[in-house]
Amino acid sequence: MPSPPSALVLRDLDLLVPMVEQRLAAVMVSVTTLDRELARRLEPRAAAPERRLEVIATLAGIGIPVGVLVAPLIPGLTDADLERILERAAAAGATRAGTALIRLPHELGGLFEEWLRAQYPQRAEKVLSLIRQCRDGHLNNGRFGSRMIGTGPVADLLAQRFRLTSRRLGLAGRMDPDDHGWRLDTSRFRAPRPSGTQLDLFDDRSARW
């Protein structure tokens with residue numbers, strides 16, 4: 000059960016705590032930057048960076064598995080904070096980390112470029128160039144397997160920085176045997192079915208004998 004990056008996740012503690020006790024939930028909190036002014040311009044209606052770190056500390060303090068998602072990672076704009084975000088999150092109690100390179104599908108590319116040129120005109124060309132270097136010359140590449148991490152030397156360097164810092168801080172990976180409560184029980188999950196569809200012949204819920 001992934002939860003939104005906003006501090007509003009704390010309103011759901013009455014639901015999260017019993018779910019965690021049954022290994023049904025964990026929380027990832029996104030932190031894009033530690034620069035309060037950049038955060039205000041980039042995500043004006045979202046919780047401030049310090050507040051997000053406080054959320055991580057609060058969740059960790061009551062035993063809820065919590066991680067940090069450094070996303071969207073924008074080369075030339077937010078990537079300078081990559082290591083510090085991981086360090087601050089680990090100090091607050093995060094036990095897992097993830098990241099995702101900025102994605103700009105469809106009309107989002109034009110909207111982002113317009114925002115960037117208005118907010119950071121002197122940095123716009125460099126940021127757009129770095130994004131294109133990570134996206135095979137485009138602002139977006141939706142190819143499966145690379146759309147979240149990008150390709151090329153710039154993307155590889157960002158991935159290496161993330162990997163080395165996460166390892167140094169002991170932020171659990173998917174194969175880490177000390178999973179800090181992240182090995183969730185998925186046995187009770189059932190994908191929702193469209194209304195009016197028949198039960199699967201091989202689904203044990205359809206058996207009547």
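Residues 0 to 208 in numbering that gives the first Met the number 0 are what the sequence shown spells out, letter by letter.
The beta carbon of each residue, even a glycine, is placed where N, CA and C say it ideally should be.
- With a beta-carbon spacing of about 12 Å, L85 and L72 fall beyond the 8 Å limit used to define contacts.
- Remark: C-beta atoms of P17 and V30 do not approach each other more closely than 8 Å.
- Residue state for T98 is assigned as strand, using DSSP reduced to three classes.
- Contact between G92 and I61 fails: their C-beta atoms lie close to 10 Å from each other, not under 8 Å.
- The three-state reading of DSSP puts L72 in strand, counting E and B together.
- In the DSSP assignment, S165 falls within the unbroken alpha helix (DSSP H) covering 151 to 168.
- By the C-beta criterion, the segment 135 to 149 is judged not to be in contact with the segment 31 to 48, since fewer than 3 inter-stretch pairs fall below 8 Å.
- According to DSSP, S29 shares a beta bridge with L68.
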